[in-house]
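Encoded as structure tokens, the structure appears first; notes follow it.
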Amino acid sequence: QAIERAQESGDLDAESDAVVQYQIAVTEAAHNVVLLHLLRCMEPMLAQNVRQNFELLYARREMLPLVSNHRTRIFEAIMAGEPEQAREASHRHLAFIEEILLDRSREQSRRERSLRRIQQRKD
10 QAIERAQESG DLDAESDAVV QYQIAVTEAA HNVVLLHLLR CMEPMLAQNV
60 RQNFELLYAR REMLPLVSNH RTRIFEAIMA GEPEQAREAS HRHLAFIEEI
110 LLDRSREQSR RERSLRRIQQ RKD
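Using my numbering, you'd call the opening residue of the sequence shown number 10 and step up by one each time.
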């Protein structure tokens with residue numbers, strides 16, 4: 010709910026913070042003490058990464074509901090006591106985010122090449 014409220018308000022910092030807290034809660038629910046310790050140690054770096062990813066996602070706002078649906082599927086699988094479904098949903102979510110970031114990188118590369126060509130023609 011905190012994620013949804015932040016998303017509706019367009020508050021990037023609040024949404025990023027809520028997602029990090031969601032990830033910590035999921036890790037706590039998994040009862041994986043080692044992973045939880047690592048996550049807490051890396052929390053500032055994770056928060057920065059999540060925020061950067063949201064900056065890119067906000068450029069393609071149509072993707073935000075899809076990302077939210079992924080988180081919902083993960084949460085529902087955890088609550089249903091279906092670890093394999095949760096794992097699969099998590100993998101799909103990460104693959105989806107990776108694809109969005111790769112698409113964005115490819116778009117940026119094309120834009121830079123186009124600008125270089127335009128500049129070369131001017132020179």
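We put the CB at the ideal spot given by N, CA and C, even for glycine.
Would you kindly report the start and end of the unbroken alpha helix (DSSP H) that includes residue 115? 92 to 131
When the distance is taken between beta carbons, is residue 68 closer than 7 Å to residue 83? no
Between residue 63 and residue 25, what straight-line distance do the alpha-carbon atoms span, to the nearest angstrom? 7 Å
Nearest by alpha-carbon distance to residue 47: which of 58, 38 and 33 is it? 33
Nearest-angstrom Cα separation, counted from residue 129 out to residue 53: 42 Å
With 7 Å set as the bound, which would you pick, yes or no: does the beta-carbon of residue 73 sit closer than that to a beta-carbon of chain D? Judged by its chain identifiers, the structure shown contains no chain D, having just a single protein chain.
Hey, could you find the ends of the alpha helix (DSSP H) residue 38 is sitting in? 21 to 38
Could you check how far apart the C-beta atoms of residue 77 and residue 16 are, in whole angstroms? I think they sit under 8 Å. 7 Å
With burial defined as no fewer than 16 other Cβ atoms inside 10 Å of the residue's Cβ, what is the status of residue 87: buried or exposed? buried
Three-state secondary structure (DSSP) at residue 41? coil
Express the C-alpha separation of residue 80 and residue 14 in angstroms, rounding to a whole number. 15 Å
Nearest-angstrom Cβ-Cβ length linking residue 12 and residue 66, presumed shorter than 8 Å: Not really, about 13 Å apart at Cβ, beyond 8 Å.
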